[in-house]
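Here the sequence shown is numbered in this note's numbering, starting from 41 and rising by one per residue. Think of the CB as a built atom: it goes at the ideal place given N, C-alpha and C, for glycine as much as any other residue. This report refers to the structure that appears directly beneath it.
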Amino acid sequence: MTAPAGDLEKLDHAVNAALMLAWVAQAYGDRVGLMTFDDRVTNFLKPERGSVQLHLITEALYALRPSYVEPDFGHALTHLALRVGRRSMVVILTDVQDPNQSRELVAHCLRLAARHLVLVVAMSDPEVIRARDAPISTSSRAYQWAAAEEFVASRRQSFELLRRGGVLGLDVVAGNLSPALVERYLELKERALL
């Protein structure tokens, strides 16, 4: 989440999207919680309603700093499952890189999806998308295209594994993350999946 994505780092886009989603969900009367983690759980706020909860979430997110360790999805999602018994929408803002790097995420999300509605949200890198979509005019440009296409195909494969297991996915350019996440939440609400 430390990689740049447009004018901000991916972590900043994730913080903004989480805050926007929390505000909208509260406005619709839903309980909202927060868990942040890297190789350990760094913050956990049990889902609650009200302005105090929004304030606590805001404070926790703005205090969040990037971490340069691999996330322990197993520990974090087990922590969540043990503390949130009521069926909930669980939104995981992360980087889904490729099936090998995402294997642990996929396995634990599939387990969590037995009880909860799980939405894995990843931010596409606009540079990778541009490299894939730009015309191929030189041999070096062909190598750039191949690398970008391989990366995009790997992400697509990770999301397909999640989808087959009943986990929802959202892969969106970082600059569109907040509105896309809120739109998905409202769509799920309208379909009475929450």
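Quick one: using the 10 Å Cβ neighbour count with 16 as the cut-off for buried, is residue i buried or exposed?
i           : result
residue 89  : exposed
residue 92  : exposed
residue 76  : buried
residue 253 : The structure shown does not extend to residue 253, since the chain is modelled only from 41 through 234, so no value can be given for it.
residue 180 : exposed
residue 148 : buried
residue 143 : exposed
residue 47  : exposed
residue 193 : exposed
residue 195 : buried
residue 74  : buried
residue 250 : This structure cannot settle anything about residue 250, because the visible part of the chain is limited to 41 through 234.
residue 122 : exposed
residue 43  : exposed
Residues in the same chain with beta-carbon distance under 7 Å from residue i, minus the five sequence neighbours each way, listed in chain order, please.
i           : result
residue 61  : 131, 221, 222, 225
residue 212 : 163, 164, 220
Taking DSSP's pairing of strands, which residues face residue i in a bridge?
i           : result
residue 164 : 213
residue 77  : 81
residue 72  : 88
residue 221 : According to DSSP, which records beta bridges pairwise, residue 221 is partnered with nothing at all.
residue 208 : 159
In whole angstroms, what separates the C-alpha of residue i from that of residue j?
i           : j           : result
residue 63  : residue 184 : 40 Å
residue 66  : residue 175 : 45 Å
residue 135 : residue 119 : 20 Å
residue 160 : residue 182 : 31 Å
residue 117 : residue 95  : 24 Å
residue 162 : residue 177 : 30 Å
residue 152 : residue 167 : 32 Å
residue 111 : residue 52  : 17 Å
residue 173 : residue 50  : 21 Å
Here's a check: name, in chain order, each residue in its chain whose Cβ is nearer than 6 Å to the Cβ of residue i, leaving out the five neighbours to either side.
i           : result
residue 109 : 78, 79
residue 145 : 113
residue 218 : 56, 57, 60
residue 206 : 153
residue 82  : 76
Going by beta carbon distance, what residues of the same chain come within less than 8 Å of residue i, once the five residues before and after it are set aside?
i           : result
residue 171 : 184, 185, 187, 188
residue 203 : 209
residue 157 : 127, 128, 129, 130, 208, 228, 233, 234
residue 69  : 89
residue 100 : 74, 76, 83, 85
Taking only runs that begin and end inside the segment 79-105, name each unbroken beta strand (DSSP E) of 3 or more residues, in chain order. 81-88
Hey, which unbroken runs of the beta strand (DSSP E) at 3 residues or more fall wholly within the segment 110-145? Runs found: 129-134.
Counting only runs that start and end within the segment 158-203, where is the alpha helix (DSSP H) found for 4 or more residues in a row? 166-173
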